[in-house]
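Student:
Numbering (this note's numbering), first residue to last: 3 to 389.
Written as structure tokens, this is what we have:
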């Protein structure tokens with residue numbers, strides 16, 4: 003346990019720690035915006051280090067970018083909460099009581115790992131312990147995310163190796179067939195005695211091809227049997243999570259509008275707001291246009307260059323008028339537009355909470371995110387309370 007506390011402190015020192023000096027909420031938001039822009043510049047540089055032909059490097063870069071963005075998002079949420087806690091005195095002891103067990107455990111661990119007794123006057127304050135517990139929880143989540151990304155990377159590399167081997171086997175079989183055909187006599191005028199062996203050679207060639215095809219088919223079946231059914235695993239994992247939360251999945255049509263239809267269902271079910279995907283697309287695009295500073299830094303071209311205003315306007319136009327799939331940027335925009343927090347449940351990861359601190363008094367929109375549910379890619383469903 004002492005090692006875990008030590009590792010957490012290292013992580014805190016490597017990422018940008020909470021500022022020592024007091025700052026206003028406006029200063030905090032300004033710093034957050036600057037850190038977001040710095041992150042965009044850093045991720046842009048990372049993308050440029052991965053050439054198109056180097057798939058392994060591209061996957062490593064993408065995993066690193068996801069890790070950096072997740073860490074920064076979690077730290078910003080925590081800093082906002084701490085700022086609100088320290089600038090508005092609590093009405094009772096509820097601030098600490100919700101985490102007193104975690105704080106006590108961490109305090110005991112710090113005492114044991116120090117190698118010496120700590121007198122009562124030198125004990126760590128409950129507020130500091132609360133913050134450390136929060137950081138410890140966050141970085142445990144990062145460890146889970148890291149292991150998921152590493153597993154996905156390993157599986158992807160193995161799949162690519164199998165595909166390359168299959169292609170090579172097919173090409174070798176074709177070359178072998180071509181060589182056999184070249185060795186055969188091409189003259190059409192032959193005696194009856196010379197023509198008799200020809201059907202035998204053709205038959206042998208057909209048999210070789212059939213045997214090769216059967217071998218490839220059997221190999222493919224073995225590989226298929228050995229593959230993990232990620233769709234079934236994800237479905238079971240999300241069902242168990244939602245069951246423990248007292249929620250059930252409301253299936254949404256798997257098309258480019260699934261995010262907006264899922265949010266429309268939540269608005270109707272939880273807040274009695276009637277809307278549809280077309281109106282939500284329009285509201286999302288308008289909010290992003292009006293607050294382009296909050297979204298433009300996160301959009302980049304395939305080459306890793308940041309979007310200019312013309313490209314950003316085109317992005318918003320397509321978002322509004324086509325079936326382009328929505329993602330976290332669009333979820334953020336709708337959360338701000340409706341002043342509601344959004345919770346997203348997904349496999350092997352903590353619940354992603356967007357604007358949870360900013361709109362803490364409101365009932366959240368709750369969605370489930372599925373990466374493997376359909377062959378087309380990402381999908382969102384609505385999560386309703388069990389009746």
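Beta carbons are placed, not taken as given, at the ideal position from N, Cα and C, and that holds for glycine.
As the structure is a prediction and not an experimental result, all values here were calculated from the model.
In whole angstroms, what is the alpha-carbon distance linking residue 36 and residue 304?
Tutor: The count along the chain shown starts at 1 and reaches residue 36 at position 34. The count along the chain shown starts at 1 and reaches residue 304 at position 302. So the alpha carbons of these two residues sit roughly 24 Å apart.
Student: Just to check my reading of the structure: residue 79 and residue 344 have Cβ atoms closer than 8 Å, yes? What is that Cβ distance to the nearest angstrom?
Tutor: Here the question's residue 79 lines up with position 77 in the chain shown. Here the question's residue 344 lines up with position 342 in the chain shown. Residue 79 to residue 344, Cβ: 13 Å. No contact.
Student: Contact between the segment 254 to 268 and the segment 293 to 303 is defined here as three or more beta-carbon pairs at a separation below 8 Å; is this criterion met?
Tutor: Counting Cβ pairs under 8 Å, fewer than three are found: no touch.
Student: For residue 367, which of 374, 382 and 375 has the nearest alpha-carbon?
Tutor: The residue labelled residue 367 in the question sits at position 365 within the chain shown. Looking at the Cα atoms, 382 is the closest of the given residues.
Student: Candidates 355, 372 and 370: which alpha carbon is nearest residue 364's?
Tutor: Looking up residue 364 in the chain shown gives position 362. Of the candidates 355, 372 and 370, the one whose C-alpha sits nearest the C-alpha of residue 364 is 355.
Student: Output yes or no for whether 9 Å exceeds the beta carbon distance between residue 235 and residue 375.
Tutor: Translated into the one-based positions of the chain shown, residue 235 becomes position 233. Translated into the one-based positions of the chain shown, residue 375 becomes position 373. No, they are not a contact pair.
Student: Using a Cβ-Cβ cutoff of less than 7 Å, which residues in the same chain neighbour residue 64 once the five nearest sequence positions on both sides are dropped?
Tutor: Looking up residue 64 in the chain shown gives position 62. The answer is none, since no qualifying residue turns up.
Student: Identify, in the order they occur along the chain, each residue of the same chain with its Cβ nearer than 8 Å to the Cβ of residue 287, setting aside the five sequence neighbours on each side.
Tutor: Working through the chain shown from its first residue, we reach residue 287 at position 285. Taken in chain order, the residues that qualify are 318, 319, 321 and 322.
Student: For the alpha helix (DSSP H) that residue 70 lies in, which residues bound it at each end?
Tutor: Here residue 70 refers to the residue found at position 68 of the chain shown. Residues 57 to 89.
Student: Can you grab the Cα-Cα spacing for the pair residue 50 / residue 301, in whole Å?
Tutor: Residue 50 sits at position 48 when you count from the first residue of the chain shown. Residue 301 sits at position 299 when you count from the first residue of the chain shown. Approximately 15 Å between the Cα atoms of the pair.
Student: Here's a check: name, in chain order, each residue in its chain whose Cβ is nearer than 7 Å to the Cβ of residue 255, leaving out the five neighbours to either side.
Tutor: On the chain shown, position 253 is the one that residue 255 refers to. Cβ within range, chain order: 263.
Student: Suppose the cutoff is 8 Å on Cβ atoms and the five residues either side in sequence are ignored; what does the same chain contact list for residue 94 look like?
Tutor: Looking up residue 94 in the chain shown gives position 92. Any reading at residue 94 must be qualified, since the residue scores a pLDDT of 43, below 50, and its modelled position is unreliable; the value itself is stated next. Same-chain partners within the cutoff: there are none.
Student: What does a CB cutoff of less than 7 Å around residue 278 pick up in its chain, not counting 5 residues either side in sequence?
Tutor: One-based indexing of the chain shown puts residue 278 at position 276. Correct list, in chain order: 266.
Student: Give me the DSSP bridge partner(s) of residue 386.
Tutor: In the chain shown, the residue the question calls residue 386 occupies position 384. Paired residues: 250.
Student: How close, in whole Å, do the beta carbons of residue 388 and residue 250 come, if the pair is a contact with beta carbons under 8 Å?
Tutor: For this step, residue 388 is matched to residue 386 along the chain shown. For this step, residue 250 is matched to residue 248 along the chain shown. With a contact defined as Cβ atoms closer than 8 Å, residue 388 and residue 250 qualify at about 5 Å.
Student: Verify whether the separation of the beta carbon atoms of residue 75 and residue 30 is less than 9 Å.
Tutor: Position 73 of the chain shown, counted from the first residue, corresponds to residue 75. Position 28 of the chain shown, counted from the first residue, corresponds to residue 30. Not a contact, by the Cβ cut-off of 9 Å.
Student: Quick one: grab the DSSP three-state call for residue 232.
Tutor: Along the chain shown, read from residue 1 onward, the residue named residue 232 stands at position 230. In this structure, residue 232 counts as helix in the three-state DSSP scheme.
Student: DSSP three-state call for residue 286: helix, strand or coil?
Tutor: Within the chain shown, numbered from 1, the residue matching residue 286 stands at position 284. Residue state, collapsed to three classes: helix.
Student: Quickly, what does DSSP pair residue 367 with across the bridge? List them, please.
Tutor: Position 365 of the chain shown holds residue 367. Note: residue 367 sits in a beta bridge opposite 344.
Student: Could you give the distance in angstroms between the alpha-carbon of residue 133 and the alpha-carbon of residue 77?
Tutor: As a first step, residue 133 is located in the chain shown; it is residue number 131 there, counting from the start. As a first step, residue 77 is located in the chain shown; it is residue number 75 there, counting from the start. Confidence at residue 133 is low in this model, with a pLDDT of 47, below 50, so its placement is unreliable and no value can be given for it.
Student: Return helix, strand or coil for residue 265, following the three-state DSSP convention.
Tutor: Position 263 of the chain shown holds residue 265. Reduced to three states, the DSSP call for residue 265 is helix.
Student: If you run the structure through DSSP and keep just helix, strand and coil, what is residue 36?
Tutor: Within the chain shown, numbered from 1, the residue matching residue 36 stands at position 34. In this structure, residue 36 counts as helix in the three-state DSSP scheme.
Student: Applying the criterion that 16 or more other CB atoms from any shown protein chain within 10 Å of the CB defines a buried residue, is residue 332 buried or exposed?
Tutor: Counting from 1 along the chain shown, the entry for residue 332 is found at position 330. Burial call: buried.
Student: Let me know if residue 334 comes out buried or exposed under the rule of 16 or more other beta-carbons within 10 Å of its beta-carbon.
Tutor: The residue labelled residue 334 in the question sits at position 332 within the chain shown. Around the beta carbon of residue 334, a 10 Å sphere encloses 16 or more other beta carbons of the protein chains shown; the residue is thus reported as buried.
Student: In the DSSP assignment, what residue or residues form a beta bridge with residue 1?
Tutor: Nothing about residue 1 can be read from this structure; the chain reaches only from 3 to 389.
Student: Just verifying my parser: in three-state terms, what is the DSSP assignment at residue 275?
Tutor: Stepping through the chain shown from its first residue, residue 275 is reached at position 273. Reduced to three states, the DSSP call for residue 275 is coil.
Student: Are residue 338 and residue 289 close, meaning C-beta to C-beta below 9 Å?
Tutor: By one-based count along the chain shown, residue 338 stands at place 336. By one-based count along the chain shown, residue 289 stands at place 287. Closer than 9 Å, so yes.
Student: If we count the other Cβ atoms within 10 Å of its Cβ and call it buried at 16 or more, is residue 311 buried or exposed?
Tutor: Here the question's residue 311 lines up with position 309 in the chain shown. Burial check for residue 311: the Cβ neighbour count within 10 Å stays below 16, so the residue is exposed.
Student: Who pairs with residue 381 in a beta bridge, going by DSSP?
Tutor: Translated into positions along the chain shown, residue 381 becomes position 379. According to DSSP, which records beta bridges pairwise, residue 381 is partnered with 372.
Student: Rounded to a whole number of angstroms, what is the C-alpha to C-alpha distance between residue 83 and residue 240?
Tutor: In the chain shown, the residue the question calls residue 83 occupies position 81. In the chain shown, the residue the question calls residue 240 occupies position 238. Roughly 28 Å separates the two Cα atoms.
Student: Give me the DSSP bridge partner(s) of residue 48.
Tutor: Here residue 48 refers to the residue found at position 46 when the chain shown is read from its first residue. Answer by DSSP bridge pairing: none, since residue 48 is not bridged.
Student: From 281, 269 and 280, pick the residue whose C-alpha is nearest to that of residue 386; which is it?
Tutor: To locate residue 386, count along the chain shown from 1; it is residue 384. Minimum Cα distance to residue 386 is reached at 269.
Student: Taking just the CA atoms, how far does residue 27 sit from residue 380?
Tutor: Taking the chain shown and counting its residues from 1, the one referred to as residue 380 is at position 378. Taking the chain shown and counting its residues from 1, the one referred to as residue 27 is at position 25. Cα to Cα, the separation comes out at about 36 Å.
Student: Would you tell me roughly how many angstroms separate the C-alpha atoms of residue 214 and residue 231, rounded to the nearest one?
Tutor: Along the chain shown, one-based indexing puts residue 214 at 212. Along the chain shown, one-based indexing puts residue 231 at 229. Their backbone Cα atoms lie some 28 Å apart in a straight line.
Student: At the level of alpha carbons, what is the spacing between residue 326 and residue 258?
Tutor: Against the chain shown, residue 326 aligns to sequence position 324. Against the chain shown, residue 258 aligns to sequence position 256. Rounded to whole angstroms, the separation of the alpha carbons of residue 258 and residue 326 is 6 Å.
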